[in-house]
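Here the structure is laid out as structure tokens; the discussion comes afterwards.
2 protein chains.
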Amino acid sequence: MEKMVTAGVILIGDELLSGRTQDTNLGTIAKFLEPLGVSIGEARIISDKAEIIRDTVKAFSDRFDYVFTTGGIGPTHDDITADCIAAAFDLGISERDDAIEALRERYSLEELNEARRRMARIPDGASLIKNPVSQAPGFQTNNVFTLAGVPQIMRGMLEDIPHRIKGGAMIFSINVTAEGIGEGDAAKGLAEIEKAHPGVSLGSYPFFNDALRGVNFVARGRDEDVLEKVEAALTSLIAQLNE
Amino acid sequence: MEKMVTAGVILIGDELLSGRTQDTNLGTIAKFLEPLGVSIGEARIISDKAEIIRDTVKAFSDRFDYVFTTGGIGPTHDDITADCIAAAFDLGISERDDAIEALRERYSLEELNEARRRMARIPDGASLIKNPVSQAPGFQTNNVFTLAGVPQIMRGMLEDIPHRIKGGAMIFSINVTAEGIGEGDAAKGLAEIEKAHPGVSLGSYPFFNDALRGVNFVARGRDEDVLEKVEAALTSLIAQLNE
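Same order as they appear, the protein sequences are chains A and B. Taken in order, the first sequence gives residues 1 to 243; the numbers are from the numbering used here. Taken in order, the second sequence gives residues 1 to 243; the numbers are from the numbering used here.
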């Protein structure tokens, strides 16, 4: 059996914790990783505090095959992610020519002030990740990918990631919707179906509309044939509950 | 000076990590806590694994004044949060009459099957949190509030929380939008403004529309008079940059 390949995601920024900004990057990264056979094991939303960023990066780098960070690589005083990544791996950090070159595609020499040059400070030995939106690069340090927080830019940077990832077995999923059924009606049958199909994880997600309640069942696994059987079993469970 | 009161949020569910479901509960909890003077220090999105839930609850309960968990308290086999909370605090857990009573408001005795009775299993000594949407209660164990994952239900449960919270000083915020300005142009002035106004944290959030770029500045602090001065300083910084 192929090895499970996992990723940890670290979303950095006080604005995510204050409720001012709604994160969408986690979902984007998850959907990007799925066809590569990488699943996300945990995500943390942390504040712009140097020690917490550093310690979280260190812990996640040990625990997961890959780590993604978003946020904190802009030009302002609260953009401290690059320094924290360097600290997590005991690396030096300095302004790099290749990063300045990337910035020069966007900024004139005059515009490239001290604040913007901060965006060219890269941990020693890291490889740059292209930013097709606003040029200031992300970077890869060991198994950690450091990306921008702005969703459009983050998405653009992901384009420069796939060749860096050694993925695992593809995970497939099927989805069956049961209208007019309560989660508690299906729970027993659901547990039986999961038990009968090892390697499949089965989730149930109740929904409530104005007039309607129902449950979405999602089965995930590596074997498409088994998932087909699970789909049939779910459909017959629903039919039975609706009798 | 009043003490900072902090909360940790634990969002439980594989569906959040797979990108299938977009979390909105974190933002809802943040906005609910803000007028109570409680700010969120960290949030974690974790999978439905018993050990991870238990260890995260334990760590957050020590680290923050209050902890909120969402998800995993329904009737199906993957709903294991209540057991994990009990394990985190070395408590027993059993079906409780007051919880059954709450469920009976919704379910007939016949509908109250084994699966649904699971929702009445509550850690010893916990106090119930009312669920005005679908009756199955949440509960409070020490400083940990265990809530449903479905956003409508989670919001309903928050109504039964305020009297349980001893909040801190109110945090106020102001927002200034600068159109046509790059974050890097403002960075130096921004750092100076923050330095000149202790107790204020200043964030800058660049945005890109089709035709327009700009930055939103957000200042947060406990003193409204100081924030007014920060607002004036930001406005004059923007005017200066636009000259």
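C-beta atoms are modelled at their ideal positions from N, C-alpha and C, and glycine is treated no differently. On a predicted model such as this, the values are computed, not experimentally measured, just so you know.
Within 8 Å of any Cβ in chain A, is that where the Cβ of residue i sits?
i: I46 (chain B); result: yes
i: L234 (chain B); result: no
i: P137 (chain B); result: no
i: S127 (chain B); result: no
i: K31 (chain B); result: yes
i: A50 (chain B); result: no
i: G221 (chain B); result: no
i: K130 (chain B); result: no
i: I40 (chain B); result: yes
i: E194 (chain B); result: yes
i: F208 (chain B); result: yes
i: L190 (chain B); result: yes
i: V218 (chain B); result: yes
i: V150 (chain B); result: yes
Tell me which residues share the same chain as residue i and place their Cβ nearer than 7 Å to its Cβ, disregarding the 5 neighbours each side in the sequence.
i: S127 (chain A); result: F139, Q140
i: R121 (chain B); result: A82, I93, S94, E95
i: K195 (chain A); result: none
Quick check on residue i: buried or exposed, where buried means 16 or more other Cβ atoms within 10 Å of its Cβ?
i: R116 (chain B); result: buried
i: M1 (chain A); result: The pLDDT assigned to M1 (chain A) is 47, lower than 50, so where the model puts this residue is not dependable; a value taken from the coordinates is nonetheless given after this. With fewer than 16 Cβ atoms within 10 Å of its Cβ, M1 (chain A) is classed as exposed.
i: T70 (chain B); result: buried
i: E15 (chain A); result: buried
i: L103 (chain B); result: buried
i: A233 (chain A); result: buried
i: H77 (chain B); result: buried
i: T235 (chain B); result: exposed
i: N25 (chain B); result: buried
i: M154 (chain A); result: buried
i: S108 (chain B); result: exposed
i: D90 (chain A); result: exposed
i: M170 (chain A); result: exposed
i: E159 (chain B); result: exposed
i: E192 (chain A); result: exposed
Determine whether the Cβ of residue i lies closer than 8 Å to any Cβ atom of chain B.
i: Y205 (chain A); result: yes
i: M1 (chain A); result: In this prediction, M1 (chain A) has a pLDDT of 47, which is less than 50 and means its spatial position is unreliable; what the coordinates show is noted afterwards. With 8 Å as the cut-off, M1 (chain A) does not count as an interface residue toward chain B.
i: T43 (chain A); result: Position check: residue 43 (chain A) holds Ala in this sequence, whereas Thr was assumed. Closer than 8 Å: yes.
i: V200 (chain A); result: no
i: A239 (chain A); result: no
i: E243 (chain A); result: no
i: V5 (chain A); result: no
i: V226 (chain A); result: no
i: L212 (chain A); result: no
Can you give me the Cβ contacts of residue i inside the same chain, cut-off strictly under 8 Å, excluding the 5 residues immediately before and after it?
i: N143 (chain B); result: S61, F64, D65, Y66, V67
i: V226 (chain B); result: H197, G199, V200
i: E231 (chain A); result: I174, V176, A219
i: D272 (chain B); result: With chain B running from 1 to 243 in the structure shown, residue 272 (chain B) is simply not present.
i: L241 (chain B); result: A178, I181, D185, A186, G189
i: I40 (chain A); result: T6, A7, G8, V9, L26, I29, A30, L33
Spatial neighbours of residue i within its chain, please: C-beta separation below 6 Å, excluding the five flanking residues on both sides.
i: L237 (chain B); result: G189
i: E105 (chain B); result: Q135
i: M251 (chain A); result: Missing from the structure shown is residue 251 (chain A); chain A here goes from 1 to 243 and no further.
i: E183 (chain A); result: S204, P206, V215
i: F217 (chain B); result: V176, S204, L234
i: R213 (chain B); result: none
i: C84 (chain B); result: A50, I53, R54
i: K130 (chain A); result: D160
i: A88 (chain A); result: R54, V57, K58
Under the criterion of a Cβ to heavy atom distance below 7 Å, does residue i qualify as lining the ligand SAM?
i: K229 (chain A); result: The ligand SAM is not part of this structure, which contains no ligands at all.
Every unbroken alpha helix (DSSP H) within the segment 74-100 of chain B, with a cutoff of 4 residues, ordered by chain: 81-88
Under 7 Å (Cβ pairs) to chain B, residues found in the segment 152-186 of chain A: Q152, E183, G184
Selection of the segment 77-104 of chain A by Cβ proximity to chain B, strictly under 9 Å: H77, D78, D79
Contained beta strand (DSSP E) runs [length at least 3] in the segment 136-185 of chain A, N- to C-terminal order: 138-141, 144-147, 172-179
Chain A contacts from the segment 108-124 of chain B (Cβ-Cβ distance under 8 Å): E111, N113, E114, A115, R116, R118, M119
Under 9 Å (Cβ pairs) to chain B, residues found in the segment 13-27 of chain A: G13, D14, E15, L16, L17, S18, G19, R20, T21, Q22, D23, T24, L26, G27
The segment 52-78 of chain B: positions lying closer than 7 Å to chain A by Cβ: G74, P75, T76, H77, D78
Ordered list of beta strand (DSSP E) runs contained in the segment 41-76 of chain B, each at least 3 residues: 66-70
Contained beta strand (DSSP E) runs [length at least 3] in the segment 202-226 of chain A, N- to C-terminal order: 213-221
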